[in-house]
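Visitor: Sharing a structure with you now.
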Amino acid sequence: MEKEKSQAKQLKEKLFMNKKNGIVKAGAEEVAKADEFCRGYKTFLDNAKTERDAVKFVIEMAEKNGFTEYDCTKTYSAGDKVYVNNRGMAIMLAVIGKNGTKNGVRLGIAHIDSPRLDLKPNPLYESNDLALFKTHYYGGIKKYQWTTVPLALHGVVALKDGNVIDVNIGEDENDTCFVVTDLLPHLAVEQMSQVMTKAFNGEHLNVLVGSRPFNEDEESESVKLNVLNILFEKYGIIEEDFLSADLTMVPAMKARDIGFDRSMIGGYGHDDKVCAYPALMAVLDVKEPESTVITVLTDREEIGSDGNTGMKSTYMADFVADLAKADGMELRHVMRKTTCLSADVNAAFDPTYASAFEGNNACYINKGAVITKYTGSGGKYSTSDASAEYMAQIRNLLDSKKVLWQTGELGKVDGGGGGTIAKFIANLNADVVDLGVPVLSMHAPFEVVSKLDVYETYRALYEFYSC
Ligand code: MN
Ligand code: MN
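For the sequence shown, the numbering used here assigns the number 1 to the initial residue and increments by one for each residue that follows.
Here it is as C-alpha cells:
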C-alpha cells in the first residue's frame with residue numbers, strides 16, 4: 001500500500017513551483033515530436049544564414065502552403081493566406097481570421113538577421129602578397145570567436161544597370177571558403193597580456209581571400225588582381241561594384257546534433273532563426289484563426305532595429321493599417337486590442353559561467369519555451385516590461401494547452417543586458433512579451449539550443465495563433 005504523503009510534502013506539491021526536469025515533464029512522445037520538428041529546423045538553419053537567404057526560403061515554403069503575395073487593392077476573406085516581402089530582407093505572413101482585425105491581430109515576431117562580418121564598401125586589398133577583405137562586424141560579437149573558423153561569403157552585388165548578382169561561396173564542402181587568421185600562441189605573449197577588447201579589435205577581423213599572383217606577374221598588387229579576375233570571370237563584377245553590395249561573411253558550418261543523446265543542436269544563427277522557424281511553422285499550420293494572425297520575420301534587430309527593414313520602420317504597422325482599412329477599422333483601434341509574442345531567444349544558464357546568472361530567474365536548457373517579462377539593463381532601462389495581466393493571459397494559455405515553458409531574466413542584475421523588438425511593438429500600443437528559446441554561447445559562430453525547447457516554442461506560437 002502506498003505510504004501516505006506527509007503534510008509538508010502535500011503542501012509543497014500544492015504551493016511550490018514544479019521544478020521537475022523538462023524532459024521528464026514533457027514525456028517520451030513529446031520529445032520524439034521535438035526531434036522530428038527539429039529535422040526541418042536544421043534544414044532551415046542551413047539555408048537561412050542571412051536575412052536575404054531566409055526570406056527566399058520562407059517565400060518558397062509559403063507559396064507551397066498556399067500563400068500569395070498581398071495586393072492592397074484586393075479584398076480578402078477569412079482563411080486567405082498572404083505574404084508581404086519587404087525588400088527581400090524582411091517578410092510578413094498573414095492568415096486572415098474570421099473576425100479579421102476587429103478584435104486586434106495576433107502577432108508573432110522573430111528576427112532573421114544574426115551577428116556576422118559584413119564586408120566594408122572597399123573591402124579588397126593586398127598586403128605582403130596576401131589578398132584580404134576588410135570587414136565591419138554586424139551585431140554584438142566577441143571578436144576572438146570569429147578568428148580561425150571557416151567562413152562563407154553570402155550576399156548580393158547590385159550593378160548600375162539594375163542587375164543584382166547573388167553570391168554564395170563556401171557552403172558546399174567542395175567549395176572554397178575563407179578565414180580570419182590569428183596569431184600563434186608562441187608569439188602571442190604581448191597579445192595574451194592585453195585586455196580582450198584590445199587584443200582583438202574590429203580592424204583585426206580581416207578575411208584571407210587569396211595568395212596567388214595573376215599569371216606569375218611582377219606587377220604590383222597582382223594577388224589582388226588575380227582575385228578580381230576570378231570574381232570578374234565568375235560574376236562579371238569589377239572592384240567598383242563592391243560599392244553597391246551587401247556582402248557578408250558567415251560561419252561555413254552546418255547545423256549538427258550535440259551530445260551523445262542528440263538532445264541539442266549546434267549551429268550558426270540560432271539567434272533568432274530558432275524562433276523564426278517556429279513562428280513560420282505556426283502561421284503555416286494554423287487553421288481558421290478567430291483573429292488575423294501575422295508572423296513577422298524582421299531584419300536589423302541585431303543592430304538596434306533601425307532601417308526600413310527593421311522594427312522601428314513603419315512597414316508592419318502599414319500592413320496592419322491596410323488590413324484594418326479593409327475591415328472599416330482604424331489602425332489605432334486595432335493596435336490597442338492587438339497581442340504579440342516577440343519571439344526571441346534568452347541566455348540559457350551555463351554552469352561553467354554560473355556567476356553571470358541569478359539561478360532562480362535564469363532560463364535553462366530543456367525547460368521549454370522561455371518567457372522574458374523584461375529585458376533591458378541598468379534598472380529596467382530600454383525595455384517594455386510586460387504587464388501582470390498580459391503575463392497571466394499567456395500563462396493561462398500555455399498551461400491550458402500543456403506547453404512546456406519557463407521564465408527567464410537575461411543574466412544577473414547589472415551584469416550587462418540587451419533588448420529585443422518587444423519595446424517597439426509596445427510603443428504601437430499593443431500587449432507584448434518575449435517568448436523564445438534558451439541559447440548557450442549566444443552570438444558565437446556556433447550556438448547551442450535544445451530540441452525540446454525549439455518544439456515547445458513552436459507549440460506556444462501555434463496555440464497563441466489558434467486561441
Ligand atoms: Mn535575438
Ligand atoms: Mn541577438
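The beta carbon of each residue, even a glycine, is placed where N, CA and C say it ideally should be. Predicted, not measured: the structure shown is a model, and the values here were computed from it.
What do you reckon, is the C-beta of Thr420 under 7 Å from a heavy atom of ligand 1?
Guide: Thr420: yes, Cβ under 7 Å from ligand 1.
Visitor: Within a Cβ cutoff of 6 Å, which residues of the same chain sit near Thr407, ignoring the five residues on either side of it in sequence?
Guide: For Thr407, where only same-chain residues beyond five positions count, the Cβ hits under 6 Å are Ile371.
Visitor: Return yes when at least one heavy atom of ligand 1 lies under 7 Å from the C-beta of Asp272, else no.
Guide: Yes.
Visitor: Going by Cα to Cα distance, which pick from Lys198, Lys142 and Leu231 is closest to Val157?
Guide: Ranking the options by Cα distance to Val157, first place goes to Leu231.
Visitor: Flag this pair as yes or no: are the beta carbons of Asp434 and Ser355 separated by less than 8 Å?
Guide: Taking 8 Å as the Cβ cut-off, Asp434 and Ser355 do not qualify as a contacting pair.
Visitor: Would you kindly check if the distance between the Cβ of Val31 and the Cβ of Val274 is under 8 Å?
Guide: For Val274 and Val31, no; Cβs fall outside 8 Å.
Visitor: Is Glu302 near ligand 2, going by C-beta to nearest heavy atom under 7 Å?
Guide: Result yes, Cβ under 7 Å from ligand 2.
Visitor: Could you please give the first and the last residue of the uninterrupted beta strand (DSSP E) stretch that includes Cys340?
Guide: Taken as a continuous stretch (DSSP letters only), the beta strand (DSSP E) holding Cys340 covers Thr339 to Ser342.
Visitor: Using the C-alpha atoms, what's the distance from Thr101 back to Ser291?
Guide: Rounded to the nearest angstrom, the two C-alpha atoms are 6 Å apart.
Visitor: Going straight from the alpha carbon of Ile59 to that of Phe67, what length do you get?
Guide: Ile59 and Phe67: Cα-Cα distance of roughly 8 Å.
Visitor: Would you tell me roughly how many angstroms separate the C-alpha atoms of Ile109 and Glu219, rounded to the nearest one?
Guide: Going by the C-alpha atoms only, they are around 53 Å apart.
Visitor: Determine the burial state of Pro251: buried for a count of at least 16 other Cβ atoms within 10 Å of its Cβ, exposed for fewer.
Guide: Buried, because 16 or more other Cβ atoms sit within 10 Å of the Cβ of Pro251.
Visitor: Between Val403 and ligand 1, is the CB less than 7 Å from at least one heavy atom?
Guide: For ligand 1, not one heavy atom lies less than 7 Å from the Cβ of Val403.
Visitor: Applying the criterion that 16 or more other CB atoms from any shown protein chain within 10 Å of the CB defines a buried residue, is Thr75 buried or exposed?
Guide: Per the 10 Å Cβ criterion, exposed.
Visitor: Using a Cβ distance threshold of 8 Å, determine whether the stretch 263 to 278 contacts the stretch 160 to 175, with at least three qualifying pairs required.
Guide: No, the stretch 263 to 278 is not in contact with the stretch 160 to 175.
Visitor: Just verifying my parser: in three-state terms, what is the DSSP assignment at Gly266?
Guide: Residue state, collapsed to three classes: strand.
Visitor: Return yes when the Cβ of Asn18 is within less than 8 Å of the Cβ of Asn366, no when it is not.
Guide: The answer is no: Cβ separation not under 8 Å.
Visitor: Which residues in the same chain have their Cβ closer than 8 Å to the Cβ of Leu132, if we skip the five residues on either side of it in sequence?
Guide: Around Leu132: Leu124, Tyr125, Glu126, Asn206, Val207, Leu208 and Val209.
Visitor: Which residue wins for smallest C-alpha separation from Glu447, given the options Gly376, Glu409, Asp350 and Asn427?
Guide: It is Asp350 whose Cα lies nearest to the Cα of Glu447.
Visitor: Measuring CA to CA, which of Lys451, Val454, Asp285 and Asp306 is closest to Tyr94?
Guide: The sequence shown places Ala at residue 94, not Tyr. It is Asp285 whose Cα lies nearest to the Cα of Ala94.
Visitor: Would you say the beta carbon of Asp344 comes nearer than 7 Å to a heavy atom of ligand 1?
Guide: Yes.
Visitor: Could you tell me the distance, in whole angstroms, from the CA atom of Ala326 to the CA atom of Gly140?
Guide: The straight-line gap from Cα to Cα measures roughly 41 Å.
Visitor: Does Phe57 pass the burial test, meaning 16 or more other C-beta atoms within 10 Å, or should it be called exposed?
Guide: Its Cβ being crowded by 16 or more others within 10 Å, Phe57 is buried.
Visitor: Say yes only if the C-beta of His186 is nearer than 7 Å to one or more non-hydrogen atoms of ligand 2, and no if none qualify.
Guide: False, no ligand heavy atom lies under 7 Å from that Cβ.
Visitor: So, using beta-carbon positions, are Cys363 and Ala348 closer together than 8 Å?
Guide: In contact: Cys363 and Ala348 (Cβ atoms closer than 8 Å).
Visitor: What three-state label does DSSP hand Met249 in the structure shown?
Guide: Strand at Met249.
Visitor: Please report how far the alpha carbon of Ala422 lies from the alpha carbon of Asp129, in whole angstroms.
Guide: Computed Cα separation, rounded: 48 Å.
Visitor: Could you check how far apart the C-beta atoms of Ser106 and Pro289 are, in whole angstroms? I think they sit under 8 Å.
Guide: Before going further, note that residue 106 is Arg rather than Ser in the sequence given. With 8 Å as the limit, Arg106 and Pro289 qualify as a contact, their Cβ atoms being about 7 Å apart.
Visitor: Going by DSSP in three states, Arg332 sits in which element: helix, strand or coil?
Guide: Note: Arg332 maps to helix in three-state DSSP.
Visitor: Quick check: what's the CA-CA separation for Asp399 versus Trp405?
Guide: If I take the Cα positions, the gap works out to 8 Å.
Visitor: Looking only at DSSP bridge pairs, what is Asp299 linked to?
Guide: Answer is none; Asp299 lacks a bridge partner.
Visitor: Select from Ala62, Thr73 and Gly379 the residue whose C-alpha is nearest the C-alpha of Ala282.
Guide: Closest option to Ala282, Cα to Cα, is Ala62.
Visitor: Starting from the N-terminal side, write out each stretch of the beta strand (DSSP E) that is 3 residues or longer and does not extend beyond the stretch 48 to 98.
Guide: For the stretch 48 to 98, whole beta strand (DSSP E) runs of length 3 or above, ordered along the chain, are 81 to 86 and 90 to 95.
Visitor: Is the beta carbon of Leu159 closer than 8 Å to that of Thr248?
Guide: Result no, Cβ atoms of Thr248 and Leu159 do not sit closer than 8 Å.
Visitor: Just to confirm, is the Cβ distance from Val149 to Pro445 under 8 Å?
Guide: For Val149 and Pro445, yes; Cβs fall inside 8 Å.
Visitor: Among residues of its own chain, excluding the 5 on either side of Ser424, which ones have a beta-carbon nearer than 7 Å to its beta-carbon?
Guide: It should be pointed out that residue 424 corresponds to Phe in this sequence rather than to Ser. Correct list, in chain order: Ser305, Met311 and Lys312.
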